[in-house]
Amino acid sequence: MRRKECATGIHRALRTGKRFLAGLCAVPLLAALSASALPADCVRAAELPAAQAVQATGAQDTQLPPGYVRSIYTNEPVTAAQAGLRPIAVMMPTDRSAQPSYGIGHAKVLYEIMEEGEISRQLAIIDDWQGLSRIGNVRSCRAYYLPIATEWDPILIHFGGVWYMRDRISLPDINNLSGTYEYGTGGSAPGANQFFRSSDRKAPHNAYISADGITEACAQLGYSLSIRPEYYSGQHFAFADGVNTLDQYGAAAAPANTVSLADIFPYTKTGFTYNPATGLYDKTIHGSAHKDADGTQLSFANVIVQNTSWVRLDDGGYLAFGNYDTTQDGWYFTKGKCIHITWQKTADYSPTKYFDDAGNEIRLNQGKTYIAVAQAGRLPAFS
């Protein structure tokens, strides 16, 4: 197995990291955009009524049945009613003793990021959560997940958090449900009465919520279950017309039938194996198939790794990541191949965009996407 490295990319990441560190000294860590400071590319209610927002979830496709649109998460056909509902973003653990999770197989986009103690955590973006009787287990949030979550304008589901996220999560545009004080040492606990614990595991790995609980909590708190046009971005991923084999990149597309993220996530040793029969990457965790509690193995059409500037905040090992950037390196894996990419994100509600080395936005294949936010200097290995 060989390691894909890009010297110029690493140098660029280090330069960006210095700017990130300087920024931490100049402003409070979580001085993020407020609800009144939305990015220009985020559609506003006056410009886009809810019905039109649903239509914007995908390009019009004459091959789709009436009442269907393309999912902004996977590009698969979904009903317009489903497309108009807000997703949930659920904090889930990677701890060996916490596996398997309930509902993670429904995640259309799954993020994994390092946290303190060299253990990663996951953020599952689930659009078809209605009807799920058990979701989780649910774990605490970290500050750097908030700019990622807001890309999708979800209902954020977590079990507390850390002091560093107090400023951002307290702003009124964030709709969150938390099983305990929302930033650990303070804040409210919105919807806490809807979480429940099971007897088959020990705390903290036994906290869950149900779809009915989410619906009831949102009704109590006044959270909209429909997409909010004032925050909504209908253009997130760019999807291919047909199948993107990466053949157009020639020799720049390297073989990637196996992908190891063991250098990025040494505890979970997250990995992927390409399955030609399905055209998907089957995910592994702790050396075994990563499965939902229903027994389904997690598989993805698209795997993305994005290097990110980061700092350690204190002696407890808490981290901060530079979510906003325009120069960082990454890698895109699909159909058993890989290309080098860069990524850009400029504001809370602006989607992260991914570009090939020619500056063209990459075209994802239809289906689910896994995204590893990797500490700069930690690289994927593939062959």
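The sequence shown begins at 960 in my numbering and counts up one residue at a time. All residues carry an ideal CB built from backbone N, CA and C; glycine is no exception.
Annotation: T1285 is outside any alpha helix (DSSP H) and is labelled neither H nor E by DSSP.
Closest in alpha carbon position to Q1058, among K1067, G1076, V1097, is V1097.
At a Cβ-Cβ threshold of 8 Å, S1268 and G1276 do not count as neighbours.
The C-alpha of A1221 lies about 17 Å from the C-alpha of Y1233.
The beta-carbon distance between M1050 and L1082, rounded to whole angstroms, is 6 Å. This is short enough to meet the 8 Å contact definition. Contact fails between the stretch 1237 to 1245 and the stretch 1027 to 1036, because fewer than three Cβ pairs, one in each stretch, are under 8 Å apart.
The DSSP-derived three-state label of Y1233 is strand. For T1109, the three-state secondary structure derived from DSSP is helix.
Taking each of S1092, I1107, T1285, Y1027 in turn and checking the Cα distance to I1168, the smallest one comes out for S1092. Of the candidates T1311, Y1208, R1055, D1307, T1311 places its Cα closest to the Cα of A1331.
Remark: C-beta atoms of N1134 and Y1182 approach each other more closely than 8 Å. Apart from the 5 residues on each side of it in sequence, H1195 sits with its Cβ closer than 8 Å to the Cβ of I1031, Y1032, E1110, W1111, P1310 in its chain, given in chain order.
In the structure shown, W1269 adopts extended strand secondary structure according to DSSP, grouped into three states. When secondary structure is reduced to three states using DSSP, N1319 falls in the coil class, being assigned neither helix nor strand.
Within the same chain, N1165, Y1167 come within 7 Å of S1157 by CB-CB distance, once the 5 residues on both sides are set aside. C1177: member of the alpha helix (DSSP H) spanning 1170 to 1180, first to last residue. Taking C-beta atoms as the reference points, T1286 and T1305 fail to come closer than 8 Å. Assignment of alpha helix (DSSP H) within the stretch 1095 to 1169, counting only whole runs of 4 or more residues, yields 1105 to 1109, 1125 to 1128 in chain order. L1239 has N1234 as its beta-bridge partners, per DSSP. Residue environment analysis places G1289 among the buried positions, since at least 16 neighbouring C-beta atoms fall within 10 angstroms of its C-beta. The closest CA to that of N1266, considering only F1259, P1113, F1224, is found on F1224.
Bridge pairing for T1217: T1232 [DSSP]. Among the bridge pairs identified by DSSP, A1333 is matched with N1266.
Ranked by Cα distance from A1176, the options G1138, G1062, L1105, N1324 are led by G1138. For S1309, the secondary structure class from DSSP, reduced to helix, strand or coil, is coil. Between V1121 and Y1140, the gap from beta carbon to beta carbon reaches 8 Å or more.
Taking C-beta atoms under 8 Å as the contact rule, I1078 and Y1226 qualify, at a distance of about 5 Å.
Taking the CA atoms as reference points, A1260 sits about 14 Å from G1064. Nearest in C-alpha terms to Y1329, of all of N1152, Y1070, S1060, D1054, is Y1070.
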